[in-house]
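Asker: Below is one structure. I have some questions about it.
In the working numbering, the protein residues as written are 714 to 835.
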């Protein structure tokens with residue numbers, strides 16, 4: 714997972730017109746690279762109208778890698794028109810959220826993704 718994030722940061726740096734190692738260096742360079750693993754499970758709720766979900770937010774870290782459950786949806790992202798778009802999981806695919814620290818580390822005009830988790834439905 715750390716190697717995947719290293720490669721993603723190189724790609725992001727290049728696409729933002731920065732030196733390839735700019736974002737990696739902003740996070741301490743290769744020697745200081747690390748990660749944090751958090752596992753959340755959102756089971757299907759028998760009474761979805763009673764759930765709260767997660768309020769709209771941007772991710773505070775650098776990159777957030779999500780492994781979606783193809784049977785339980787609920788992740789939404791805000792589109793450029795401010796409308797909420799439901800993310801449809803693709804088989805064997807990961808979802809990558811760019812976090813707040815990428816914006817500050819890039820010193821570039823990066824529009825952050827705002828997401829929310831709504832009730833899990835089957």
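Glycine included, every Cβ here is placed at the ideal spot set by N, Cα and C.
This one's a predicted model, so the numbers in the text were calculated from it and none came from an experiment.
Determine the closest residue to residue 770 out of 729, 789 and 780, with distance taken between C-alpha atoms.
Answerer: What you label residue 770 is simply residue 57 of the chain shown in a count that begins at 1. The candidate whose alpha carbon is nearest that of residue 770 is 789.
Asker: Hey, is the region 753-761 in contact with the region 730-741, meaning 3+ C-beta pairs nearer than 8 Å?
Answerer: No contact exists between the region 753-761 and the region 730-741.
Asker: Please list the terminal residues of the continuous beta strand (DSSP E) segment that includes residue 810.
Answerer: For the purposes of this step, residue 810 is taken as residue 97 along the chain shown, with counting starting at 1. 808-811 is the extent of the beta strand (DSSP E) around residue 810.
Asker: Can you find the residues in the same chain that come closer than 8 Å, C-beta to C-beta, to residue 861, ignoring five residues on each side of it along the sequence?
Answerer: Here the chain comprises residues numbered 714 to 835, so residue 861 is not present and cannot be evaluated.
Asker: Mind checking residue 807: buried by the 16 CB within 10 Å criterion, or exposed?
Answerer: Walking along the chain shown from the start, residue 807 turns up at place 94. Answer is exposed; the Cβ neighbour count stays below 16.
Asker: Report the start-end ranges of each beta strand (DSSP E) in the region 776-807 that is 3 residues or longer and not cut off at the edges.
Answerer: Segments of the beta strand (DSSP E) lying fully in the region 776-807: 776-779, 786-791 and 797-799.
Asker: Exposed or buried, residue 801, counting other C-beta atoms within 10 Å across all chains shown (16 or more means buried)?
Answerer: Position 88 of the chain shown, counting from 1, holds the residue named residue 801. So residue 801 counts as exposed.
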